[in-house]
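Engineer:
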Amino acid sequence: MQESNEGYDPVELGELDKSNIETETEMRKRLIEGVQKNYDEVWGFQIVGTLANPHETHEKTAPMTNDEVESVVSDIREIKRLLFSRLILAQASLLPAALRASSVEEFLNDADVAESDLRDLCLKVAEPALQVIRDACADFARRDTVDEENDDVTDDEVDESEEDDDDETWEELFTENRRYSKLHSADWLLRKYLIKSGLLPPKERKTRPRKTKVTICGQTIWNHASEKAMSRDGWLQFSVMAKDCSLENAIQLCRNWAEFSDLNLLTLWEFFPASNWVSWGSNRLIQQLQELSFFPYFLDFDAQQHTHHHQVGGRSQLRRQHDIVETRNIIVGHMKRNDPVTRRFLQYLLMRAGEVLVLVRDGKTGRVITAPPEEHLWTYRKKQGIGRASKNEFANVLEVGPEYFDMLDSLRKWWFSFEDYYDIYIWDFAPGQSSMDTYNVIINELKNAWRIRHPRDVYAHMEPLLRTLTREDDTMRTRQIKAGEDVQTLWHKLMDERNQFVLFNINGETVTSRNASDDIAASPYLFYNDANVAEDRVLFPNDLTSDKQDAPFREMKNGVNRIESGVLPSTVKHVMRNMARMELEDNGPQTVPSALNNDKDALWDLPTIWESGMKLLKSGKPSGERRKLLNGTGIDAKHLGASFEERFGEHETLETMERDRSAEFKESFHDGDVEPGSKEKYSEVQGKIDALLGCEHSGSTDWIWFIADTMDWLQVRADDDDYSPDPAAPWPHSFIVQDIVRAFVIMAMFFPGLEVTELVTKLMESTPFEEFKKSPLFDPKQRKASRPDRRDPTSYKYRSKQFWAKWDEFFKKSSYFADKYPFDWSLAIRPVVAQLYRAGVIAPLYAQNDMQIVSGIATANTEPHRPDKLDLFINYHDRYGNFPVAYPPSFVPPSQFPAMLPLAQKFAKTKPHARFALLRLWSAPHFYPLMVGLQNRLGTSFLDSVGRSWQWKFVPKDMPGSEFSIHHTVGRRLDLFREQFGGRVTHRADLILVMAEDVEELLKMCTAVTFVMQTKPWLREVDLWKSFIDVDLEFLQNLEDFWLD
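FYI, UniProt numbering numbers position 857 of the sequence shown as 857, with every residue one higher than the one before it.
Take a look at the structure:
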């Protein structure tokens, strides 16, 4: 991934000190007595006296037993002979003599061996490169193998990294590439496309010669270096032979992540008698990260020292001046690629945008997978000068990006020789923070990612390794357990109930400790808990249903994120189709399928039922009056649809954006609906409506004339394609016909007895719709008997004080609410927050998680109609006066909204055959489908039960006065047709009452209202499951109050 490391060759690693050639006697002495540990590269505090770091081995490496020393020395003798043979194999001038010789002595006495070649060989043997030592140790481990597990490579192999993005569509890949185009270190997407299209060969592994064994000086070895991970015995031998190398150099010889991970853990548990390897875990804090598989290679935790704000006022003789420097703590490291722990850890950090910021690069491709907005990439900025600081702009001195990547590549001390990792950058949101605050966020989320419920669980992932190790009681030497040996394993020592786990609190230079058991009993939030479990079920549903654990990390995918990525889905679709067409045309024009140009798209195309109906209507030669109606409404020009490609080129950019946005936002709306079964019901209804619209017309065309009359009544034209940029204007736009036909079909399902709805009625009686017709959707009496299982929509402003009493009582007692938050509340609301986040309805807020900055706090409560169900409610009490609410002059409280039943009763007094419809606009339990402007998002922000800051993308129902927001929105739209409706349509918040003298008029009115509400900007929908259509006054009078509110 890193360009500066492209020429990296493990063979060229630093060589050992030539003045420090060790004899076998000196080696024995070193292993038997131990040597002083080298703490030159160690910084920060250490904890001594633990199972992993005993007092006895703090200053010196643990002595090895005589038996272990004899075994290691014997092995090393053999390894040196293999090393000698491998060095000869690499020197062509010596190879003929070596192949002839049956021993080293015979080879050395061969007259054909040049003295200069022999001198070069002796120098290499005396001071071999680390890669050569590693190869020899690996040769020793495989000396008795017949073959290498089908490891031969005779043909070029495709690198698996080319398939890593197959879980994403081309559209998603294209969007993500554009989103982070300024941060990628390689044009990974272009390469992928060229490979897929056959224009570029896939990445190839180095072609290796066929593997065979050769005999050098009587010693049989393979003709190639081992490509496999080396065993722990091999690494033990390596650590003894390469006694002066550091672990930073050794890990560059690892073939894969698993080998590196084992090497790391063995080092932390002092398995290797290497004095320099102690610097790997440079202090206890870094060791904890390494134990949990996060491996930092760079950190700058000096933000507090470097941040300052110096200003000189203007009242002195000197001019006003300012000198402001702001820095953020940052830590950069690697974690295993495509690993479930890594996926969870990164997701948890992304949800804490008010505390830390995260950028992730793919180690194989250089692709940036996630990053914060551009304005938050800086880690060091300043502004200096004359005058007021507020009038000056910050200059970013350092910011995370390609130049920063290159800088760290030049500073870092170690590399991987494999690519199976993520490169992870984590830095503070707020400048000048304590480094321990930063560290605590990281370590806590690492614990959660490993799902650690108790301090013992920290070692759970090490269990397979620790069960194979033991520690000598007299020397404290950690060694491997021999076959058949009956000794206590390190795992059993760790799990001993007598062990005491201690938690340390670091405050500046002060370190205090306390018993972990006491803290666990006092707070359920110290470790992973049931609330985390409930949240994870929502965040990672595939973990429950899929056996694939090596899935790559990806940002949350939802409709809102796709729109906010900066690339419209229609634009991506257009580009992808053109690319596909070009590929096919390369093979000949005849290979381009017509479906590529003519496929139906429900979002863009005219419904089939309309096109086929209009074809039949026009063939019947309508009368002059009717022809005038078709022309007057523009329907005559809209009888046939165009393909997506044709329409895409014709539409205004703003219209395309709003059309795309509506489809994507609706997906997010319904994904954020936590009412049980609601999303499934919605999907079923929309699927059936789409199916009706996709049917071929047959029979009478009266319904088309009905639509034409309705359009004429509303004074709407179908052929006016001049798009109105006014977001409040319902038209003109290009989708009038689609919208009004859909509105008619929706309403026609509920009016089966009319001639004009005959087509829809017949279709509903056909087999595909048979079960759907029997659903409670078409039985209002059955539906009205059950109140929806959702919270009440009342906003914070109109909740009684008693409703917040428990929260107020709790808040007064707590120093910091998240530390003592009632656990049953947290258990109830965290899955809700997770679902809203996953849907894109809320997003992490880039603001400090402070109650003076974030306006609300998430709480849980029950309601009288749901006494046993805690739900999410947000308390927007402005404790510090930082969020004053300014209501518009037109503001009306819910108590002054029209009452529906009295209006219906008054209407029915003079209309004996009056029919009614209550049309409820769709909304989720916690929000309305109304957008929150960027300037207003801080005012609706909130902190959740674990102190994470969130912003709403859509109006939360708890927002003070939210009732007026939806009431005002609906009212403005209905007011456009006040003359047509003639006082027969009124509304109360999101509930619309339609009154008509008879059924025919009610169908027309309901179709008009549905069309008016659902057309541009295409974000509002009639919720059929919560509406009652074509009912009488008696039905309304028997409804419970909540249906009329």
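We put the CB at the ideal spot given by N, CA and C, even for glycine.
Does the beta-carbon distance from F977 to L629 come in below 8 Å?
Structural biologist: Their beta carbons are not under 8 Å apart, which means F977 does not touch L629 by this criterion.
Engineer: Roughly how many angstroms lie between the CA atoms of H697 and E1034, to the nearest whole one?
Structural biologist: Rounded to whole angstroms, H697 to E1034 spans 37 Å at the Cα level.
Engineer: Which whole-angstrom value describes the C-beta separation of F429 and L357, a residue pair presumed to lie in contact below a C-beta threshold of 8 Å?
Structural biologist: With 8 Å as the limit, F429 and L357 qualify as a contact, their Cβ atoms being about 6 Å apart.
Engineer: According to DSSP, Q384 sits in a beta bridge with which residue or residues?
Structural biologist: Note: Q384 sits in a beta bridge opposite D323.
Engineer: Just to confirm the assignment, what range does the alpha helix (DSSP H) spanning residue 1048 have?
Structural biologist: Not covered by the structure: residue 1048. The range shown for the chain is 1 to 1045.
Engineer: Work out the CA separation of N578 and L616 for me, nearest whole Å.
Structural biologist: Near 34 Å, if we compare the C-alpha coordinates of N578 and L616.
Engineer: Compute the distance between the beta-carbons of L943 and A858, then report whether it is under 8 Å.
Structural biologist: Contact: yes.
Engineer: Count the other C-beta atoms from every protein chain shown that fall within 10 angstroms of the C-beta of E149, then say buried if there are 16 or more, exposed otherwise.
Structural biologist: Its pLDDT being 45, under 50, E149 is placed unreliably in this model, and the value from its coordinates should be taken loosely. The residue is exposed, with fewer than 16 neighbouring Cβ atoms inside 10 Å.
Engineer: Taking just the CA atoms, how far does L759 sit from V1031?
Structural biologist: For V1031 and L759, the distance between alpha carbons rounds to 22 Å.
Engineer: Are S855 and S962 touching if we call contact CB-CB under 8 Å?
Structural biologist: No, Cβ-Cβ distance for S855 and S962 is not below 8 Å.
Engineer: Determine the closest residue to L466 out of A52, K911, F418 and Q131, with distance taken between C-alpha atoms.
Structural biologist: For the residues A52, K911, F418 and Q131, the minimum Cα distance to L466 belongs to A52.
Engineer: CB H322 to CB N392, shorter than 8 Å?
Structural biologist: Yes, they are a contact pair.
Engineer: Per DSSP, what kind of secondary structure is L1036 in: helix, strand or coil?
Structural biologist: L1036: helix per DSSP, three-state reduction.
Engineer: Is the region 249-264 in contact with the region 397-410, if contact means three or more CB pairs nearer than 8 Å?
Structural biologist: The region 249-264, when compared against the region 397-410, does not touch it at the 8 Å Cβ threshold.
Engineer: Pull up the distance between the alpha-carbon of W717 and that of E445, whole angstroms please.
Structural biologist: It is Arg, not Trp, that sits at residue 717 in the sequence shown. Each residue's Cα considered, the two are about 57 Å apart.
Engineer: Between the C-alpha atoms of F107 and D244, what's the straight-line distance to the nearest angstrom?
Structural biologist: Using only the alpha carbons, I get a separation of about 31 Å.
Engineer: Count the other CB atoms, across all protein chains shown, that sit within 10 Å of the CB of K813; report buried if there are 16 or more and exposed otherwise.
Structural biologist: Exposed, since its Cβ has fewer than 16 Cβ neighbours within 10 Å.
Engineer: State yes or no: is the C-beta of L173 within less than 8 Å of the C-beta of L189?
Structural biologist: Contact flag set, yes.
Engineer: Am I right that V737 and L692 are in contact with their C-beta atoms under 8 Å? What's the rounded C-beta distance?
Structural biologist: Not a contact, Cβ separation roughly 16 Å.
Engineer: Does the distance from the C-beta atom of residue 1051 to that of N448 stay below 8 Å?
Structural biologist: The structure shown does not extend to residue 1051, since the chain is modelled only from 1 through 1045, so no value can be given for it.
Engineer: According to DSSP, V278 sits in a beta bridge with which residue or residues?
Structural biologist: Bridge partners of V278: none, in fact.
Engineer: Beta-carbon within less than 7 Å of P455's beta-carbon, same chain only, minus the 5 sequence neighbours each way: which residues are those?
Structural biologist: So the list reads F501 and A516, once near-sequence residues are dropped.
Engineer: Quick check on DSSP: helix, strand or coil for R866?
Structural biologist: Strand at R866.
Engineer: Out of D423, M1013 and L268, which one is the CA nearest neighbour of A729?
Structural biologist: Here the closest residue by C-alpha is M1013.
Engineer: So what does DSSP say about E611, is it helix, strand or coil?
Structural biologist: In the structure shown, E611 sits in a helix (DSSP, three-state: H, G or I).
Engineer: When burial is assigned at 16 or more other CB atoms within 10 Å of the CB, is K213 buried or exposed?
Structural biologist: Under this definition K213 is an exposed residue.
Engineer: Report the CB separation of T65 from E485 in whole angstroms; it is logged as a contact under 8 Å.
Structural biologist: Incorrect: roughly 13 Å between the Cβ atoms, too far for contact.
Engineer: Nearest-angstrom Cα distance between residue 1065 and M614?
Structural biologist: Any answer about residue 1065 is impossible in this case: the structure gives the chain only from 1 up to 1045.
Engineer: Would T379 pass as a contact of R412 if the rule is Cβ separation under 8 Å?
Structural biologist: Cβ atoms of T379 and R412: not closer than 8 Å.
Engineer: At 3 residues or longer, and completely inside the region 440-515: list those beta strand (DSSP E) runs for me, N to C.
Structural biologist: Qualifying beta strand (DSSP E) stretches, in chain order: 469-471, 478-480, 502-507 and 510-515.
Engineer: Helix, strand or coil, according to DSSP, for G694 in the structure here?
Structural biologist: Coil, per DSSP.
Engineer: Just to confirm before moving on: does the CB-CB distance between P788 and E664 stay below 8 Å?
Structural biologist: No, they are not a contact pair.
Engineer: Report, in whole angstroms, the separation of the C-beta atoms of D739 and A637, which I expect to be a contact under 8 Å.
Structural biologist: Not a contact, Cβ separation roughly 16 Å.
Engineer: Output the distance between the C-alpha atoms of G49 and L130, rounded to the nearest integer angstrom.
Structural biologist: Their Cα atoms are separated by approximately 33 Å.
Engineer: Can you tell me which residues form a DSSP beta bridge with T215?
Structural biologist: Answer is T220.
Engineer: Going by the DSSP bridge assignment, what does K60 pair with across the sheet?
Structural biologist: Looking at the DSSP assignment, K60 forms a beta bridge with Q36.
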